[in-house]
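Numbering (the working numbering), first residue to last: 1 to 262.
Idealized CB from N, CA, C, for every residue including glycine.
Below you'll find the structure, written out as structure tokens, and then a few comments.
In structure tokens:
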């Protein structure tokens, strides 16, 4: 899908300027998130996570989005009947998350109340009540009409494993099970760019483009910055490995305090 991505600029009416990066600082200027810096200049794309119109659309092109890990699809929506000969092309365009195997020219639909062939249903937004058990889905709502809130990262998917009268049971990417209102909607398929986690950066500058600064070891810091800092040479003073706030980090340290037996 990467080779078929659009090489030009995004649609101007669906972009807006991104606010200046905070570089890991809060409103007082103190570092609250380590290893964050300025990133390359980029525009934010308006992604349609609601998909609340009952229309049929066609994928105009697949695009790269620098603000997320998956590809996005530019969809042109058609008004009128669901039959192609009675449809009228509109000027309404939206960006949606591209699912795997979605191509330029593929049809997509919103608020579908029936489920046909799986290959034809890819990219369709369907209520969970109408999705067959075992289907792989993504872009899922947590509350009806709220818009997609989870399973949106590249290569992720959830599986519908059980249906009840008013709820459905999903297996999330983490392996956890969740019960969700069956009136919530989801998109059929797997999120695109499933090889995103396997990429290798060719140089340190690529990390800087993404806003990531170097990760400094504690023993290379000063004593004021880390418990391992200071000393002549690389030594941490004979103490066990700890975090910058003095909490043990290695050796099976447990954070749960169990109640002692009498």
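Cβ neighbours of residue i in the same chain (closer than 6 Å, five flanking residues each side left out)
i           : result
residue 241 : 249 and 250
residue 185 : 125, 127 and 141
residue 187 : 125, 138 and 139
residue 263 : Since the first and last residues shown for the chain are 1 and 262, residue 263 lies out of range.
residue 104 : 59 and 61
residue 51  : 110 and 125
residue 26  : 32
residue 179 : 167 and 169
For residue i, the three-state DSSP class (helix, strand or coil)
i           : result
residue 177 : strand
residue 79  : strand
residue 73  : strand
residue 121 : helix
residue 149 : strand
residue 17  : strand
residue 220 : helix
Start and end residues, beta strand (DSSP E) containing residue i
i           : result
residue 204 : Careful: residue 204 lies outside any beta strand (DSSP E), inside the alpha helix (DSSP H) at 204-209.
residue 125 : 125-127
residue 170 : 167-171
residue 43  : 43-45
Anticipated Cβ contact below 8 Å, residue i with residue j, distance rounded
i           : j           : result
residue 122 : residue 47  : Wrong, their Cβ atoms sit about 18 Å apart, outside the cutoff.
residue 132 : residue 157 : Rounded, the Cβ-Cβ distance is 15 Å, inconsistent with contact.
residue 38  : residue 211 : 6 Å
residue 100 : residue 189 : 6 Å
residue 220 : residue 191 : So it is not a contact: roughly 38 Å between Cβ atoms.
residue 102 : residue 79  : No, residue 102 and residue 79 are not in contact; Cβ-Cβ is about 22 Å, not under 8 Å.
residue 209 : residue 23  : About 14 Å; that fails the 8 Å criterion.
residue 134 : residue 159 : 7 Å
residue 148 : residue 49  : 4 Å
residue 152 : residue 161 : The Cβ separation is near 20 Å, so there is no contact.
residue 205 : residue 227 : Wrong, their Cβ atoms sit about 32 Å apart, outside the cutoff.
residue 213 : residue 92  : Going by Cβ atoms, the distance from residue 213 to residue 92 rounds to 41 Å, so no, they are not a contact pair.
residue 195 : residue 69  : That belief does not hold up - the Cβ atoms of residue 195 and residue 69 are roughly 10 Å apart, past 8 Å.
Bridge partners - residue i, DSSP secondary structure assignment
i           : result
residue 109 : 56
residue 136 : 159
residue 99  : 191
residue 242 : 248
residue 94  : 75
residue 186 : 126
residue 234 : Answer by DSSP bridge pairing: none, since residue 234 is not bridged.
Residues of its chain near residue i, where Cβ-Cβ distance is below 7 Å and the 5 sequence neighbours each way are ignored
i           : result
residue 64  : 5 and 71
residue 243 : 249
residue 217 : none
residue 223 : 229 and 230
residue 207 : 201
residue 67  : 42, 44 and 45
Contacting residues, own chain, Cβ-Cβ under 8 Å from residue i (five flanking each side not counted)
i           : result
residue 17  : 43 and 44
residue 53  : 77, 110 and 111
residue 163 : 129, 133, 169 and 182
Chain D contact for residue i (CB, 8 Å cutoff)
i          : result
residue 95 : Included in the structure is just one protein chain, with no chain D present.
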